[in-house]
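What follows is one structure encoded as C-alpha coordinates, with my remarks underneath.
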Amino acid sequence: MRHGKKFNHLSRKTAHRRAMLANMACSLIEHKRINTTVAKAKAVRQFVEPLITKSKEDTTHNRRIVFGYLRNKHAVTELFREISTKVADRPGGYVRIIKLGNRLGDNADMAMLELVDYNEVYNPKGKKKTTRRRRRGGKKAEAVATPPAAETKATEEEE
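Once you know that position 60 of the sequence shown is 59 in numbering that gives the first Met the number 0, the rest is easy, because the numbers rise by one and skip nothing.
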(Lines of atoms letter the chains of each structure in order from A and count residues from 1; the text may use other names and numbers.)
(Lines give C-alpha, C1' and ligand atoms only; values in the text may rest on other atoms or scores of the structure.)
Protein backbone atom coordinates (compact mmCIF):
# COMPACT_ATOMS: atom_id res chain seq x y z
CA MET A 1 0.00 0.00 0.00
CA ARG A 2 1.17 3.54 -0.68
CA HIS A 3 -0.39 5.36 2.26
CA GLY A 4 1.30 8.71 2.83
CA LYS A 5 3.76 8.26 -0.04
CA LYS A 6 3.41 11.70 -1.62
CA PHE A 7 6.52 11.66 -3.84
CA ASN A 8 8.98 9.20 -5.33
CA HIS A 9 11.90 8.55 -2.99
CA LEU A 10 14.00 7.25 -5.92
CA SER A 11 15.57 4.49 -3.74
CA ARG A 12 17.79 7.03 -1.97
CA LYS A 13 18.15 8.51 1.50
CA THR A 14 16.91 12.07 2.00
CA ALA A 15 20.29 13.82 1.80
CA HIS A 16 21.33 11.92 -1.32
CA ARG A 17 17.98 12.58 -3.00
CA ARG A 18 18.07 16.32 -2.24
CA ALA A 19 21.64 16.63 -3.49
CA MET A 20 20.83 14.70 -6.67
CA LEU A 21 17.72 16.79 -7.41
CA ALA A 22 19.64 20.02 -6.77
CA ASN A 23 22.44 18.93 -9.12
CA MET A 24 20.00 17.89 -11.83
CA ALA A 25 18.08 21.16 -11.47
CA CYS A 26 21.32 23.15 -11.78
CA SER A 27 22.23 21.17 -14.90
CA LEU A 28 18.79 21.83 -16.36
CA ILE A 29 19.11 25.55 -15.68
CA GLU A 30 22.59 25.67 -17.16
CA HIS A 31 22.08 23.51 -20.26
CA LYS A 32 18.29 24.03 -20.76
CA ARG A 33 17.93 20.31 -21.62
CA ILE A 34 19.09 17.08 -19.94
CA ASN A 35 18.58 13.34 -20.50
CA THR A 36 17.64 11.16 -17.54
CA THR A 37 15.23 8.42 -16.51
CA VAL A 38 11.50 9.11 -16.51
CA ALA A 39 11.20 8.76 -12.72
CA LYS A 40 14.02 11.24 -12.08
CA ALA A 41 12.63 13.61 -14.71
CA LYS A 42 9.26 13.70 -12.95
CA ALA A 43 10.96 14.29 -9.60
CA VAL A 44 13.13 17.10 -11.01
CA ARG A 45 10.09 18.73 -12.60
CA GLN A 46 8.34 18.81 -9.21
CA PHE A 47 11.53 20.19 -7.67
CA VAL A 48 12.35 22.94 -10.18
CA GLU A 49 8.97 24.37 -11.21
CA PRO A 50 8.28 26.12 -7.87
CA LEU A 51 11.80 27.57 -8.02
CA ILE A 52 11.15 29.00 -11.49
CA THR A 53 7.91 30.51 -10.20
CA LYS A 54 9.84 32.12 -7.34
CA SER A 55 12.36 33.55 -9.81
CA LYS A 56 9.66 35.63 -11.52
CA GLU A 57 9.81 38.10 -8.62
CA ASP A 58 13.43 39.12 -8.12
CA THR A 59 13.73 39.87 -4.42
CA THR A 60 16.51 39.09 -1.98
CA HIS A 61 14.17 36.82 -0.04
CA ASN A 62 13.29 34.76 -3.14
CA ARG A 63 16.95 34.51 -4.14
CA ARG A 64 17.85 33.17 -0.71
CA ILE A 65 15.01 30.65 -0.77
CA VAL A 66 16.05 29.37 -4.22
CA PHE A 67 19.71 29.30 -3.18
CA GLY A 68 18.75 27.13 -0.22
CA TYR A 69 17.46 24.52 -2.65
CA LEU A 70 20.01 24.76 -5.47
CA ARG A 71 23.19 25.67 -3.52
CA ASN A 72 24.85 26.99 -6.69
CA LYS A 73 25.13 30.76 -7.10
CA HIS A 74 25.77 30.55 -10.87
CA ALA A 75 22.55 28.59 -11.39
CA VAL A 76 20.61 31.04 -9.21
CA THR A 77 21.99 34.00 -11.18
CA GLU A 78 21.11 32.36 -14.50
CA LEU A 79 17.64 31.52 -13.23
CA PHE A 80 16.84 35.03 -12.03
CA ARG A 81 18.42 36.86 -14.99
CA GLU A 82 17.65 34.92 -18.16
CA ILE A 83 15.09 32.23 -17.47
CA SER A 84 12.74 34.41 -15.41
CA THR A 85 12.47 36.98 -18.22
CA LYS A 86 11.61 34.27 -20.76
CA VAL A 87 8.90 32.66 -18.62
CA ALA A 88 7.46 35.90 -17.25
CA ASP A 89 4.13 35.60 -19.09
CA ARG A 90 3.76 31.81 -18.68
CA PRO A 91 1.43 30.78 -15.81
CA GLY A 92 3.19 27.47 -15.14
CA GLY A 93 4.39 24.36 -16.92
CA TYR A 94 7.94 25.54 -17.49
CA VAL A 95 9.43 22.07 -17.97
CA ARG A 96 8.59 19.50 -20.65
CA ILE A 97 9.28 15.76 -20.43
CA ILE A 98 9.74 13.91 -23.73
CA LYS A 99 10.04 10.12 -23.48
CA LEU A 100 12.93 8.70 -25.50
CA GLY A 101 12.58 4.93 -25.16
CA ASN A 102 14.63 2.43 -23.19
CA ARG A 103 18.31 2.58 -22.25
CA LEU A 104 20.42 -0.17 -23.79
CA GLY A 105 22.30 -1.20 -20.65
CA ASP A 106 19.47 -1.83 -18.19
CA ASN A 107 16.29 -1.17 -20.23
CA ALA A 108 15.35 1.85 -18.07
CA ASP A 109 12.75 4.28 -19.44
CA MET A 110 14.64 7.37 -20.59
CA ALA A 111 13.33 10.90 -21.02
CA MET A 112 14.54 14.30 -22.12
CA LEU A 113 13.78 17.10 -19.68
CA GLU A 114 13.80 20.59 -21.17
CA LEU A 115 12.71 24.13 -20.46
CA VAL A 116 9.69 24.85 -22.64
CA ASP A 117 10.62 28.38 -23.74
CA TYR A 118 14.07 27.37 -24.95
CA ASN A 119 12.96 24.83 -27.57
CA GLU A 120 12.65 26.60 -30.93
CA VAL A 121 11.31 23.49 -32.71
CA TYR A 122 8.06 23.30 -30.72
CA ASN A 123 7.44 27.01 -30.31
CA PRO A 124 9.17 29.08 -32.99
CA LYS A 125 9.08 32.80 -32.18
CA GLY A 126 9.88 34.21 -35.63
CA LYS A 127 7.23 32.26 -37.51
CA LYS A 128 3.85 33.95 -37.70
CA LYS A 129 0.59 32.06 -37.72
CA THR A 130 -0.91 31.57 -41.14
CA THR A 131 -4.58 31.12 -41.87
CA ARG A 132 -6.08 28.90 -44.48
CA ARG A 133 -7.05 30.76 -47.58
CA ARG A 134 -9.75 29.83 -50.07
CA ARG A 135 -10.27 30.97 -53.61
CA ARG A 136 -13.78 32.31 -53.36
CA GLY A 137 -13.22 35.80 -54.60
CA GLY A 138 -14.02 37.71 -51.41
CA LYS A 139 -11.19 40.26 -51.49
CA LYS A 140 -10.50 39.90 -55.17
CA ALA A 141 -14.08 40.81 -56.15
CA GLU A 142 -13.90 43.96 -54.01
CA ALA A 143 -10.52 44.87 -55.45
CA VAL A 144 -11.85 44.53 -58.99
CA ALA A 145 -14.92 46.63 -58.18
CA THR A 146 -13.06 49.55 -56.57
CA PRO A 147 -10.17 50.27 -59.00
CA PRO A 148 -12.29 51.50 -61.94
CA ALA A 149 -13.86 54.20 -59.76
CA ALA A 150 -10.46 55.10 -58.36
CA GLU A 151 -8.94 55.10 -61.84
CA THR A 152 -11.59 57.47 -63.22
CA LYS A 153 -11.00 59.92 -60.37
CA ALA A 154 -7.25 59.70 -60.81
CA THR A 155 -7.50 60.26 -64.59
CA GLU A 156 -9.82 63.22 -64.11
CA GLU A 157 -7.35 64.83 -61.66
CA GLU A 158 -4.46 64.28 -64.06
CA GLU A 159 -6.29 65.93 -66.96
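Where a beta carbon is used, it is the ideal one built from N, C-alpha and C, also for glycine.
| Check | Outcome |
| --- | --- |
| Quick one: what's got a C-beta closer than 7 Å to C25's C-beta in the same chain, skipping five residues either side? | L69, N71, A74 |
| Classify V43: buried if its beta carbon has 16 or more other beta carbons within 10 angstroms, exposed otherwise. | buried |
| Which same chain residues, not among the five before or five after S54, have their C-beta less than 6 Å away from its C-beta? | L78, F79, S83 |
| When we look at the beta-carbon of L114 and count the other beta-carbons within 10 Å, is it buried (16 or more) or exposed? | buried |
| Using the Cα positions of F66 and R132, report the straight-line distance between them to the nearest angstrom. | 52 Å |
| For K98, list the residues DSSP reports as bridge partners. | A110 |
| Please state if the CB of V94 and the CB of E56 are separated by a distance shorter than 8 Å. | no |
| Hey, is the region 95-105 in contact with the region 11-23, meaning 3+ C-beta pairs nearer than 8 Å? | no |
| Quickly, what does DSSP pair R32 with across the bridge? List them, please. | E113 |
| Quick check: the Cα distance between K12 and L50, rounded to an integer number of angstroms? | 22 Å |
| Rounded to whole angstroms, what's the CA-CA distance from H30 to R134? Just pull it up for me. | 47 Å |
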